[in-house]
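Reading the sequence shown from the start, the letters are residues 189 to 313 in our numbering. Just so it is clear, CB atoms sit at the ideal spot from N, CA and C, and this is done for glycine as well. A short worksheet on the structure shown next.
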Amino acid sequence: MPRHPAVLPAALALLLAGALPGEAAAQEHRLCVQNRGGFVISTQIRGMVPGASGRPEARTLGLQAGIPVMQGLCVNAPEGTTQVEILVRVFNGSDFVEACRVRVQPVRAITVTAHGTTLQHHCTQ
Numbered sequence: 189m190p191r192h193p194a195v196l197p198a199a200l201a202l203l204l205a206g207a208l209p210g211e212a213a214a215q216e217h218r219l220c221v222q223n224r225g226g227f228v229i230s231t232q233i234r235g236m237v238p239g240a241s242g243r244p245e246a247r248t249l250g251l252q253a254g255i256p257v258m259q260g261l262c263v264n265a266p267e268g269t270t271q272v273e274i275l276v277r278v279f280n281g282s283d284f285v286e287a288c289r290v291r292v293q294p295v296r297a298i299t300v301t302a303h304g305t306t307l308q309h310h311c312t313q
């Protein structure tokens, strides 16, 4: 019996490639917010996900305040999510003000990045 088989089992090949079974599907619905601006941000990610009755219901998928510069938040949308809204707020010294609101339909992998300064902020995708 050879010590190094010519063909690796499928699971081992996936591990060596850096992906686990199901991970590729999860990456298709990866929702991220990154802070590349000169401020602290807050973000909320909401989606329409299948409920217990089978009907879509609004649910918070990710919520985080106080995200410093060069940090972020990523979540995976559950299978069957039909719509997502990503809200990014910038801290202006006394309160969080809306920087951008991004609606994603159909749901796909997306990264929303906050840029700029406290008074001149914007987002890119």
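Let me check understanding here. Comparing Cα to Cα, which of 263, 290, 298 and 307 lies closest to residue 284? By alpha-carbon distance to residue 284, the top candidate from 263, 290, 298 and 307 is 307.
So, with DSSP's three-state summary, where would you put residue 230? strand
Considering only C-alpha positions, which residue in the set 265, 282 and 281 is nearest to residue 274? 265
With a Cβ-Cβ cutoff of 7 Å, do residue 218 and residue 297 count as a contact? yes
Taking 7 Å as the threshold (C-beta atoms), are residue 269 and residue 221 in contact? no
Quick one: is residue 309 buried, meaning 16 or more other Cβ sit within 10 Å of its Cβ, or exposed? buried
Rounded straight-line distance, which links the Cα of residue 255 to that of residue 228: 5 Å
Taking just the CA atoms, how far does residue 239 sit from residue 288? 28 Å
Determine the burial state of residue 251: buried for a count of at least 16 other Cβ atoms within 10 Å of its Cβ, exposed for fewer. exposed
Quick one: give me the first and last residue of the beta strand (DSSP E) that residue 273 is part of. Per DSSP, the unbroken beta strand (DSSP E) holding residue 273 starts and ends at 271-279.
Span separating the alpha-carbon of residue 259 from that of residue 304: 15 Å
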